[in-house]
Structure formats: structure tokens, C-alpha cells
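In this text, residue positions in the sequence shown follow full-length UniProt numbering: the first is 1, and each later residue adds one.
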Amino acid sequence: MALIELKVPDIGGHDNVDIIDVAVKVGDTVAVDDTLITLETDKATMDVPAESAGVVKEVKVAVGDKISEGGVIVVVEAAAGDAPKAEAAPVAAPATTEAPKAAAAAPQAASFAGSADAEYDVVVLGGGPGGYSAAFAAADQGLKTAIIERYATLGGVCLNVGCIPSKALLHNAAVIDEVKHLAANGIKFAEPEIDIDMLRGYKEKVIGKLTGGLAGMAKARKVDVIRGNAQFVSANHFEVAETTGTGSEETGNKKTVAFKNAIIAAGSRVTKLPFIPEDPRIVDSTGALELKGVPEKMLIIGGGIIGLEMGTVYSTLGARLDVVEMMDGLMQGADRDLVKVWQKMNEYRFDNIMLNTKTVGVEAKEDGIYVTFEGAKAPTEPQRYDLVLVAAGRQPNGLLIGADKAGVAVTERGFIEVDKQQRTNVPHIYAIGDIVGQPMLAHKAVHEGHVAAENCAGHKAFFDARVIPGVAYTDPEVAWVGVTEEIAKRDGIKITKSVFPWAASGRAIANGRDEGFTKLIFDAETGLIIGGGIVGTHAGDMIGEICLAIEMGCDAEDIGKTIHPHPTLGESIGMAAEVALGVCTDLPPMRKK
Ligand code: FAD
């Protein structure tokens with residue numbers, strides 16, 4: 001019987017797409033059209049079906065790999081009488097390889113004959129969470145290390161214009177919202193007086209404290225921070241154009257930095273929509289965080305986490321919101337039951353939530369920004385806004401660093417492919433963080449940074465996390481991890497779920513915030529936890545326990561029999577596990593099956 005390679009068919013021109021699920025294992029029998037893997041681009045997820053039936057003899061891919069058209073997914077032994085399709089190539093024997101799959105063409109590295117101004121064991125390009133974590137870990141391994149960063153402070157997007165400033169503002173917004181809830185308990189505050197300059201100052205102080213701390217930690221570890229715009233000039237050299245001021249203005253001075261190992265952590269930038277004009281009333285997340293004022297009417301283009309978090313801040317400060325989203329729901333990725341709770345609590349902030357709707361025109365006029373929409377809930381006339389936040393995604397910086405001079409392959413979209421050791425196609429050059437793919441989250445970047453640093457030090461480290469959690473720091477917070485109900489349904493994963501409603505949580509009731517719930521998702525066959533979601537206050541602080549449970553291979557008994565402190569929101573995780581076991585005494589008796 002013939003061995004057949006089943007490959008990725010035409011996937012609409014997408015290259016190096018993330019594999020987010022592998023639905024088959026060796027020994028499985030697959031029929032034509034059975035799902036083999038699920039791919040995720042930044043726009044959509046898609047299942048790749050089997051083009052021939054057979055028994056799986058080898059699975060060539062794993063979750064987290066990237067693949068392009070023509071990439072081999074599995075090798076199957078065709079069932080007797082099953083003629084392989086024309087494009088399926090028979091193979092003699094299964095081959096295994098640990099090398100990264102270079103779907104992007106590998107360029108020829110340039111040679112550099114000049115002398116270097118400084119030489120290091122490890123040079124990290126970019127001082128964001130991925131970059132500084134990698135550099136500090138490399139220094140802790142005893143390696144002579146430098147970070148090259150174009151801006152004046154370390155911390156990258158996350159500390160300077162991302163995670164941290166957004167949370168500093170969200171904290172203030174949450175307190176304002178929280179005290180309003182107290183009116184129902186007989187405690188009434190006057191309307192808040194908002195000094196926007198002081199609020200901005202608070203945010204800046206938070207950033208300063210953290211970025212200052214990073215500078216101190218770099219010094220303590222003897223990590224050199226080289227200020228400037230870096231470009232590869234060979235597979236062992238960067239040229240650094242010195243920068244000055246608060247931005248990345250170049251002074252004209254240049255130096256050459258040599259490295260034995262490099263870690264690319266150059267991050268990502270906001271995706272610009274081509275039809276949107278330049279106008280101070282149209283901002284991206286960085287502009288929104290500058291908090292220049294509070295508009296009366298604000299449009300958020302893109303109903304993802306970043307847009308909704310910033311919308312929460314502006315709305316609490318007084319803005320009325322519209323949001324437009326091309327997909328059929330806000331906060332894609334999270335299960336709809338979680339999002340529903342957030343949406344119900346937040347509907348009052350919005351005049352119009354436009355789903356399945358596209359922004360097709362933006363015009364800056366004297367009295368406002370006029371936006372035209374197309375789609376299910378699109379208003380027929382252009383709508384006027386005082387501020388428009390474009391939060392339609394981010395793109396990687398891979399094409400901006402002269403990677404070709406080092407022989408490093410970069411995809412057309414600017415991503416750099418790596419293997420599980422974070423190695424690019426050039427073995428002594430690693431890449432981490434947003435520049436290597438989704439999800440673009442700081443905690444993923446940090447873990448990848450640690451892996452790259454350990455490998456630079458000669459260890460054999462791998463990025464083998466089972467799950468990466470996602471959190472929307474809205475009010476209430478929405479947090480999820482691993483297999484969601486949506487993924488399970490899409491991929492035919494048999495699950496059982498258990499839900500503990502916060503309406504039965506003493507702490508949530510005492511807090512006056514019992515709208516949320518905690519949900520655990522178990523593999524129906526093994527009973528092991530494979531996912532979970534929480535909606536409610538502090539959901540983001542609690543999801544880590546579910547991540548740990550998944551990593552440790554826990555079942556409901558492990559979680560339910562772990563004593564959680566009472567009364568806490570965290571005990572809702574233990575109680576959800578008790579629900580799964582049918583032994584939760586904090587809920588009415590469960591019906592006997
Ligand atoms: P970055 O943080 O992008 O850092 C890259 C660094 O490289 C930058 O400092 C850049 O100046 C430098 N650089 C690039 N090219 C060069 C060059 N040629 N020469 C010199 N230096 C260069 N993630 C979360 O996990 N939680 C959150 O709550 C969260 N909130 C966010 C909110 C907002 C508004 C935004 C925009 C993002 C948020 N993120 C959040 C995402 C998070 O910020 C990123 O995933 C994270 O910063 C990626 O880290 P990184 O190290 O890969 O790159």
C-alpha cells in the first residue's frame with residue numbers, strides 16, 4: 001500500500017501560517033475531508049481537510065509550527081483501493097528533521113570586512129519585554145551581552161506604549177466605575193473632576209518607574225544598552241546609527257557591533273489602513289494613550305482587546321463610543337458566553353456596535369472626522385466623530401532590520417520563522433516576540449526570550465508551552481486559555497465543561513460584582529483539563545491557575561481537591577472543578593443523571 005504525503009493546498013496566498021491545532025495523530029484513520037490541522041492567520045482560522053483517505057503513519061507538524069502552501073502535514077498509508085490524488089507524492093520512508101522549515105526564501109548573507117567597535121557573546125536587537133528578558137537571562141548565564149534599542153528607554157511597546165500605560169489608565173477608569181456601583185449600597189460620590197494632565201502625568205510616572213527599574217537591572221547585570229537604530233550588515237555584525245532625544249532621531253554617529261549570537265526582538269508596529277488620512281483626530285493606540293483630551297464622540301475601528309480597553313478608558317472619562325468590527329463579534333478568540341457578560345455590562349458605553357461591518361471611507365473635515373461604513377449594521381450616511389481610534393492590528397518589523405544581510409529569512413509580511421529553540425534559519429541568530437508570530441503578547445515574548453538566551457549559553461531549551469492565555473483588561477475582565485468551546489466545536493474535540501456562576505460566590509456577592517462566571521473545559525476522553533475561561537473582576541489575575549493546571553496535566557479532582565482560600569474569587573476555579581465532579585456544595589444539588 002502506498003504512502004501518501006498530504007499537503008497544504010492553496011490557502012489564498014498566505015505564507016507561513018500558524019498551526020493552532022493538529023487534529024490527527026499517528027494511527028488515526030482519516031477519511032477524505034476530515035480536518036488534519038487548523039491554521040490561523042491574523043484575519044481568520046481555517047481547517048485543512050485530508051485530500052486522501054488512509055491511516056496516519058507520520059505527523060510532520062506540531063501546534064506552533066508555521067506552514068505554507070505545499071507543506072507536508074501528514075504521511076498516510078492509503079487504504080486498499082484508494083487511488084492517491086495526482087498531487088499526492090508517494091514517499092519511501094518517513095523523514096524526521098529538527099531544522100526550521102524555511103518557507104520564506106533564505107537570502108545569501110553579506111560579508112563584512114571592517115573592524116568592530118565592540119564585540120559580545122550575545123547582542124539583542126530591541127529592548128521590549130522579549131528583548132530585555134532575553135538579554136538579562138543571557139547575562140545571568142555569564143554571557144557578555146548588549147541590547148540595542150533605538151528609543152531612550154527599555155521596555156519596548158509593552159512598557160512605553162502598550163500593556164503598562166493602558167493598564168495605568170484602566171486602573172483609574174475601573175476605580176471611577178467601581179465607586180459608581182457603591183451608590184446602590186448607600187455610598188454616593190459626586191461626579192469625578194478629571195484633571196487630564198495629572199492623569200497623563202500618573203501614567204508617565206508609572207512608565208518611568210518601570211523603565212527606570214529596567215535600566216538599573218541592566219546595569220546591575222553589566223548588560224550594555226547601546227542606543228541607536230540597528231541594521232544587520234553581516235551574519236555577525238550590526239551597524240548602529242546612534243539616536244537621541246525622546247524619539248529615534250539619528251545623530252549621524254555610527255558604530256559596528258560584532259556578535260557571536262544575536263537575538264532579534266524588534267517587535268511590531270501598528271498596521272496602517274491605506275485609506276485613512278493623516279489628522280490629529282485620527283490616532284492609533286499610541287496616540288490614544290497620549291490622552292490629549294476626551295472627545296464627545298469616538299469611533300473605534302477594530303473590536304479587539306486593544307480597541308476595547310482604550311474605549312473603556314475614554315468612555316469612563318466621558319466619551320460616547322461607536323465600534324466597527326468586520327467579524328461577527330467583539331473580542332474574537334474568547335468564547336461568546338464570556339463576551340456576552342462583558343457586553344451586557346458595557347452596552348451603556350456604546351451608541352452603535354457595528355458587527356460584520358467594514359470601514360470604507362474616512363474624511364477629515366473641519367467639524368470632525370466623517371466615516372463611511374458598509375455592512376450589516378452600517379448607517380447609510382457617513383458618521384461624524386471627534387476622535388477615531390484605529391485598532392486594526394499590528395505588523396511585525398522583520399523587513400526593517402536588514403535581516404537579508406545576515407542571511408535570515410523573513411516572510412513577505414515581515415515575520416521571522418523560528419524553530420522550537422527560537423532559532424532562525426541561521427543557527428546562531430534567534431528571534432522572539434511579536435516578530436515571530438501570533439499571539440502578539442508580552443508574556444509569550446518573555447518566555448521565548450528565556451529559551452533563546454539559554455540556547456545561546458549552549459543549553460538545549462525549547463519553547464514547549466501548551467497554552468498561552470489571553471486577557472482583555474476591560475470591566476469586567478475576560479480571560480481565557482487553551483481549548484475554548486468554539487475551538488472544540490470547530491475541531492470536533494469532545495469536551496465536557498463545568499461552570500461555576502459567581503452569583504453563588506460569597507466574595508463576588510460581597511464585592512457587589514457577581515455577574516461573572518468561571519468555566520473549565522476537560523477532554524471528554526482523558527478527563528484532563530484543556531481549557532478555561534473567566535469573566536469577572538480580576539479574571540486576568542486568576543487565569544494563571546488554569547494555565548498551570550493545563551501545563552501540569554490536572555484533572556477535575558486535582559483542582560477541586562486543592563484547598564483554595566475562602567472567600568476569594570479564585571475559589572471559583574476549585575468550585576467549577578467540583579461542579580465537574582458533581583460534588584459542589586456551594587450550588588443547589590445537581591440533578592442525578
Ligand atoms: P516590542 O515590545 O515591540 O519591542 C521591540 C523593541 O525593538 C522596541 O523598543 C523598538 O524600539 C526596538 N526596535 C525595533 N527595531 C529596531 C531597530 N532597527 N533598532 C533598534 N531598536 C529597534 N501584551 C500583553 O501581553 N498584555 C497586554 O495587556 C498588552 N497590552 C497592549 C496594549 C497595547 C495598546 C499594545 C499596542 C500592545 C499590548 N500588548 C499587550 C502587546 C505587547 O505590547 C507586545 O506583545 C510586546 O511588547 C512584544 O514584545 P517584543 O519584545 O516582541 O517587542
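C-beta atoms are modelled at their ideal positions from N, C-alpha and C, and glycine is treated no differently.
Here the C-alpha atom of methionine 542 lies approximately 22 Å from the C-alpha atom of isoleucine 495. Our two residues, methionine 345 and valine 481, have alpha carbons roughly 22 Å apart in a direct line. Contact check between the segment 340-356 and the segment 469-483: three or more CB pairs, one atom from each, fall below 8 Å, which counts as touching.
Here DSSP, grouped into helix, strand and coil, assigns alanine 392 to coil. Cα atoms of threonine 244 and proline 280: separation of roughly 25 Å, rounded to the nearest angstrom.
The beta carbon of alanine 457 sits closer than 8 Å to the beta carbons of Ala138, Gln141, Gly142 and Leu143 from its chain, once the five residues preceding and following it are set aside; these are given in chain order. By DSSP's assignment, tryptophan 480 forms a beta bridge with Gly470 and Gly533. Methionine 298 is not a Cβ neighbour of leucine 441, given a cutoff of 8 Å. With distances taken between CA atoms, valine 76 lies nearest to Val26 out of Lys489, Val63 and Val26. The beta strand (DSSP E) runs lying completely inside the segment 480-559 and spanning 3 residues or more are 495-501, 517-523 and 529-536, given in chain order. The criterion of a C-beta distance shorter than 8 Å is satisfied by proline 49 and aspartate 33.
Nearest to valine 408 by alpha-carbon distance, out of Glu557, Gly228 and Ile429, is Ile429.
Residue Thr312 holds the alpha-carbon nearest to the alpha-carbon of phenylalanine 350 among Gly361, Ile263, Ala220 and Thr312. Taken from the Cβ of asparagine 397, at least one heavy atom of the ligand FAD lies inside 7 Å.
Residue Gly368 holds the alpha-carbon nearest to the alpha-carbon of glutamate 296 among Lys377, Ile563 and Gly368. A contact is defined here as three or more CB-CB pairs under 8 Å, and the segment 251-270 meets this definition with respect to the segment 111-131.
Taking 7 Å as the cut-off, one finds no heavy atom of the ligand FAD near enough to the beta carbon of glycine 333. At a Cβ-Cβ threshold of 8 Å, threonine 211 and threonine 153 count as neighbours. From the listed residues Ile487, Gly540 and Cys554, the smallest Cα separation to glutamate 40 is found for Ile487. In the displayed model, valine 418 falls within coil according to three-state DSSP, outside both helix and strand. Remark: the C-beta of proline 129 is in contact range of the ligand FAD, defined as less than 7 Å to any heavy atom. In this chain, the alpha helix (DSSP H) harbouring phenylalanine 136 covers 129-140. The criterion of a C-beta distance shorter than 8 Å is not satisfied by valine 535 and leucine 399. In the same chain as aspartate 386, and ignoring 5 residues on each side of it, the C-beta atoms closer than 7 Å to its own belong to Arg281, Pro295, Glu296, Lys297, Met298 and Gly368, in chain order. Glutamine 231 sits in a strand when the DSSP states are folded into three classes. Assignment of alpha helix (DSSP H) within the segment 109-196, counting only whole runs of 4 or more residues, yields 129-140, 156-161 and 163-181 in chain order.
Between the segment 207-224 and the segment 150-167, the count of Cβ pairs shorter than 8 Å is three or higher; the stretches touch. Between the segment 568-577 and the segment 539-559, the count of C-beta pairs closer than 8 Å reaches three or more; the two stretches touch. The DSSP-derived three-state label of serine 52 is coil. By the Cβ-count criterion, aspartate 328 is exposed, with fewer than 16 other Cβ atoms from all chains shown falling within 10 Å of its own Cβ.
Checking the 7 Å criterion, the Cβ of glutamate 149 is within range of a heavy atom belonging to the ligand FAD. Sixteen is the threshold: since fewer than 16 other Cβ atoms of the shown chains lie within 10 Å of the Cβ of glycine 527, the residue is exposed. For methionine 345, the uninterrupted alpha helix (DSSP H) run begins and ends at 336-346, by DSSP. Counting of Cβ neighbours within 10 angstroms places threonine 518 among the buried residues, the total reaching 16 or more. The DSSP-derived three-state label of lysine 460 is coil. Between alanine 241 and the set Gly228, Ile73 and Ala235, the nearest pair of CA atoms involves Gly228.
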